Amino acid sequence: MAALVLAEHDNKELKPATLNAVTAAAKLGGDVHVLVAGSGCQAVADAAAKIEGVAAVLLADDEAYAHPLAEVIAPLVVSLAGDYDAIVAPTTTNGKNIMPRVAAQLDVCQVSDVIAIEAPDTFVRPIYAGNALATVQSADAKKVMTVRGTGFPAAPASGGSAEIRPVGGAGNPGISSFVRQELAKSDRPELTAAKIIVSGGRGMGSGEAFSIIESLADKLGAAVGASRAAVDAGFISNDHQVGQTGKIVAPELYIACGISGAIQHLAGMKDSKVIVAINKDEEAPIFQVADYGLVADLFEAVPALEKAL
Amino acid sequence: MKILVPVKRVIDYNVKVRVKADKTGVDLANVKMSMNPFDEIAVEEAIRKKEAGEAEEIIAVSIGPQQAQETLRTALAMGADRAILIQTDDTVEPLAVAKLLKAVVDAEQPGLVILGKQAIDDDSNQTGQMLAALLGWPQGTFASIVKVAGDKLEVTREIDGGLETVSLNLPAIVTTDLRLNEPRYASLPNIMKAKKKQLDVKAPADYGVDTAPRLKTLKVEEPPKRAGGIKVKSVEELVDKLKNEAGVL
Ligand SMILES: Cc1cc2nc3c(=O)[nH]c(=O)nc-3n(C[C@H](O)[C@H](O)[C@H](O)COP(=O)(O)OP(=O)(O)OC[C@H]3O[C@@H](n4cnc5c(N)ncnc54)[C@H](O)[C@@H]3O)c2cc1C
Ligand SMILES: Nc1ncnc2c1ncn2[C@@H]1O[C@H](COP(=O)(O)O)[C@@H](O)[C@H]1O
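Sequences listed follow chains X and U, in order. Heads up: the first sequence at position 113 corresponds to 134 in this note's numbering, and the numbers run straight through without jumps. Heads up: the second sequence at position 208 corresponds to 716 in this note's numbering, and the numbers run straight through without jumps.
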């Protein structure tokens with residue numbers, strides 16, 4: 022019994038989501054190996070080798086993997102799959118893009134967004150925007166799954182000393198190519214790894230108004246989140262969206278400002294340890310999940326909060 | 509170019525679902541059902557491609573119970589040309605849906621298949637990628653812009669860090685994200701016209717696909733409820749609670 026974890030990285034750094042996936046993979050009961058597929062990504066492999074509980078790192082360092090195109094990565098994973106009983110990736114946009122392609126090539130079902138592992142073949146996953154939790158048992162010989170970071174603690178990033186094995190590429194089918202990336206640059210913590218998140222919704226009214234959220238976030242060392250409505254309105258970019266179809270977060274503290282609390286938004290943040298809601302409508306559903314609700318105009322309350330800290 | 513658009517009938521996104529007391533699933537009796545919102549976006553995108561002269565025919569396809577005909581009629585009323593229902597009362601998992609869709613693709617030879625990125629009932633986010641794998645086609649998932657560029661398709665994708673643009677050979681698979689477009693409402697005359705459009709009803713067996721589930725649902729439960737909180741009267745009280753009661757500051 023061994024599990025292969027698909028590392029999340031940008032060729033320079035190993036992303037924290039990998040650490041949660043390693044913990045999930047270890048729960049399956051066998052050895053845990055990590056696959057680093059990239060280009061010029063030795064540093065990532067070195068970091069992966071240090072993760073506690075990792076027995077081996079497979080390094081596929083090849084120009085073809087410079088960008089994680091599913092058409093190129095999936096065949097690589099499939100070519101390695103013979104040695105593994107399970108293939109695990111974090112539920113990131115990469116994991117979501119690549120893993121079903123792997124599963125279909127192996128003719129197995131994929132279990133998406135697992136939040137708990139009951140047995141090597143039995144998994145808990147949210148359905149209906151997290152309004153129900155399904156416990157499912159897979160009859161497939163090989164398990165292919167994505168795992169939700171908030172469901173599993175991060176494995177310690179140091180303490181391990183796994184061997185790094187180079188693995189050959191599986192070629193490039195040449196049906197797709199990378200054109201460009203526009204990545205949001207920010208010194209703030211990543212949403213899915215942040216301890217505190219300050220989020221704004223439609224109630225912000227404009228993109229400029231988000232500066233009061235950002236200012237509060239900076240004072241707290243927090244990440245900035247948003248509702249779909251705020252992203253759709255162009256107040257802030259898509260990578261900030263929290264929710265059923267955005268990012269799932271569970272920080273120590275989540276401060277929702279001008280967000281009504283639609284089920285799709287709650288799906289993304291209701292496992293936060295402490296939730297604060299600032300909303301001028303005392304009937305807003307967000308108050309039903311908030312530990313501390315403040316009925317107030319956010320344009321007064323948010324700057325006042327920053328000052329009071 | 510033909511465009512194939514798979515549409516799923518799901519519980520309406522506004523409905524608060526209830527888990528059944530016997531833990532076998534969620535209660536779907538007398539609950540409002542609609543087209544999966546991401547699939548509405550997929551239908552809209554196909555129509556826009558046709559309006560731009562980049563596609564000639566749009567075929568909507570659904571796998572589901574007889575009532576999924578309503579979902580297909582909605583797609584036809586929005587502007588799809590014809591529809592196929594692969595009728596079954598069984599739960600069909602994404603892998604089996606992808607296999608059925610592959611059979612439809614083999615028969616219809618579309619140049620593009622546009623799916624939703626995720627069905628809001630099972631939240632699987634798999635079917636498009638699986639269909640792409642089975643066909644050996646490229647995939648542009650979580651699309652916010654889809655442009656035909658000569659014999660290629662340029663797709664801008666919503667990814668964790670921002671946006672990424674990829675170029676795909678045609679034929680290709682696209683899955684929609686929320687910002688791709690805003691779906692139109694069907695007008696009354698178009699709803700009337702849709703009633704006369706062709707809708708073929710098939711069975712999974714017609715395509716020779718085994719749809720037996722690979723996953724057994726052992727139980728479905730409600731998630732743990734959050735204990736109710738309190739309302740604070742002022743920013744000062746809030747800060748005090750966060751520091752001294754919750755201990756998160
Ligand atoms: C398929 C699908 C997927 C979706 N996925 C997501 C998702 O992933 N994430 C997500 O967030 N949503 C998602 N949604 C959208 C969701 O249904 C809601 O529409 C959205 O969350 C609403 O955003 P909001 O709370 O910012 O806006 P609104 O619901 O309009 O709420 C704005 C709130 O701001 C308050 N307000 C206004 N002005 C002020 C002020 N000055 N001071 C204080 N309060 C003020 C108002 O009282 C109101 O409660 C999805 C919807 C669909 C159909
Ligand atoms: N039963 C179905 N009938 C038609 N299309 C489906 C069906 N199931 C899934 N799809 C398509 O696949 C997409 C993703 O679904 P899923 O992988 O289940 O999250 C949906 O948005 C639909 O476009």
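Cβ coordinates follow ideal geometry from the N, Cα and C atoms, glycine included. Predicted, not measured: the structure shown is a model, and the values here were computed from it.
Counting C-beta neighbours from all protein chains within 10 Å, is the total for residue i 16 or more, i.e. buried, or is it exposed?
i, result
"Val-613 of chain U", "buried"
"Tyr-693 of chain U", "exposed"
"Asn-538 of chain U", "exposed"
"Asn-522 of chain U", "exposed"
"Ala-615 of chain U", "exposed"
"Asp-668 of chain U", "buried"
"Pro-691 of chain U", "buried"
"Gly-172 of chain X", "buried"
"Lys-48 of chain X", "buried"
"Ala-221 of chain X", "At residue 221 of chain X the sequence reads Gly, which differs from the Ala that was named. Answer is buried; the Cβ neighbour count reaches 16."
"Glu-666 of chain U", "buried"
"Leu-330 of chain X", "exposed"
Measuring only from the beta carbon, is residue i closer than 7 angstroms to any heavy atom that is part of ligand 1?
i, result
"Thr-673 of chain U", "no"
"Arg-249 of chain X", "yes"
"Phe-144 of chain X", "no"
"His-286 of chain X", "yes"
"Asp-318 of chain X", "yes"
"Gly-224 of chain X", "yes"
"Phe-256 of chain X", "no"
"Tyr-275 of chain X", "no"
"Pro-545 of chain U", "yes"
"Leu-686 of chain U", "yes"
"Gln-262 of chain X", "yes"
"Gly-267 of chain X", "yes"
"Ser-281 of chain X", "yes"
"Asp-668 of chain U", "no"
Please look up how many angstroms separate the CB atoms of residue i and residue j, rounded, as I've assumed it's under 8 angstroms.
i, j, result
"Val-129 of chain X", "Arg-722 of chain U", "7 angstroms"
"Ala-588 of chain U", "Val-513 of chain U", "7 angstroms"
"Ser-652 of chain U", "Ser-198 of chain X", "At roughly 19 angstroms, the Cβ-Cβ gap does not stay under 8 angstroms, so Ser-652 of chain U and Ser-198 of chain X are not in contact."
"Ile-549 of chain U", "Val-569 of chain U", "In fact, because the Cβ distance is near 16 angstroms, the residues do not count as touching under 8 angstroms."
"Thr-167 of chain X", "Leu-726 of chain U", "About 20 angstroms separates the two Cβ atoms, so there is no contact after all."
"Pro-121 of chain X", "Gln-634 of chain U", "4 angstroms"
"Leu-707 of chain U", "Gln-577 of chain U", "6 angstroms"
"Ala-76 of chain X", "Asp-52 of chain X", "4 angstroms"
"Leu-212 of chain X", "Ala-244 of chain X", "5 angstroms"
Measuring alpha carbon to alpha carbon, tell me which residue in the options is nearest residue i.
i, options, result
"Ala-175 of chain X", "X:Gly-282, X:Gly-74, X:Asp-302", "X:Gly-74"
"Ile-594 of chain U", "U:Thr-719, U:Glu-745, U:Pro-618", "U:Thr-719"
"Ile-280 of chain X", "X:Gly-192, X:Pro-272, X:Met-290", "X:Met-290"
"Thr-112 of chain X", "X:Ala-28, X:Pro-210, X:Gly-59", "X:Ala-28"
"Ile-138 of chain X", "X:Ala-125, X:Arg-169, X:Leu-35, X:Gln-126", "X:Arg-169"
"Ala-70 of chain X", "X:Ile-148, X:Leu-40, X:Val-219, X:Ala-247", "X:Leu-40"
"Asp-292 of chain X", "X:Lys-268, X:Glu-304, X:Arg-186, X:Asn-259", "X:Lys-268"
"Gly-116 of chain X", "U:Ile-738, U:Ser-632, U:Glu-601", "U:Ser-632"
"Ile-571 of chain U", "U:Leu-603, U:Met-586, U:Glu-552, U:Gly-561", "U:Leu-603"
"Gln-617 of chain U", "U:Asp-547, U:Ile-511, U:Asp-685", "U:Ile-511"
"Gly-224 of chain X", "X:Val-252, X:Val-109, X:Leu-154, X:Leu-212", "X:Val-252"
"Ala-23 of chain X", "X:Val-55, X:Ala-325, X:Glu-327, X:Leu-35", "X:Val-55"
"Asn-118 of chain X", "U:Phe-546, U:Pro-732, U:Val-605, U:Gln-626", "U:Gln-626"
"Lys-741 of chain U", "X:Leu-315, X:Leu-35, X:Val-123, X:Gly-192", "X:Leu-315"
"Ile-136 of chain X", "X:Ala-46, X:Ser-179, X:Phe-256, X:Ala-95", "X:Ala-46"
Should residue i be counted as a contact of ligand 2 given a C-beta to heavy atom distance under 7 angstroms?
i, result
"Ala-651 of chain U", "no"
"Ser-570 of chain U", "yes"
DSSP beta-bridge partners for residue i?
i, result
"Lys-294 of chain X", "For Lys-294 of chain X, which the question treats as bridged, DSSP gives no partner whatsoever."
"Gly-246 of chain X", "X:Ser-220"
"Arg-201 of chain X", "U:Thr-673"
"Tyr-105 of chain X", "Beta-bridge pairing links Tyr-105 of chain X to no other residue."
"Phe-144 of chain X", "X:Ile-138, X:Val-157"
"Ser-100 of chain X", "Per DSSP, none; premise fails for Ser-100 of chain X."
"Met-543 of chain U", "U:Arg-517"
"Cys-278 of chain X", "X:Gly-221, X:Ile-299"
"Pro-187 of chain X", "X:Leu-80"
"Arg-169 of chain X", "BP columns for Arg-169 of chain X are empty, so no partner."
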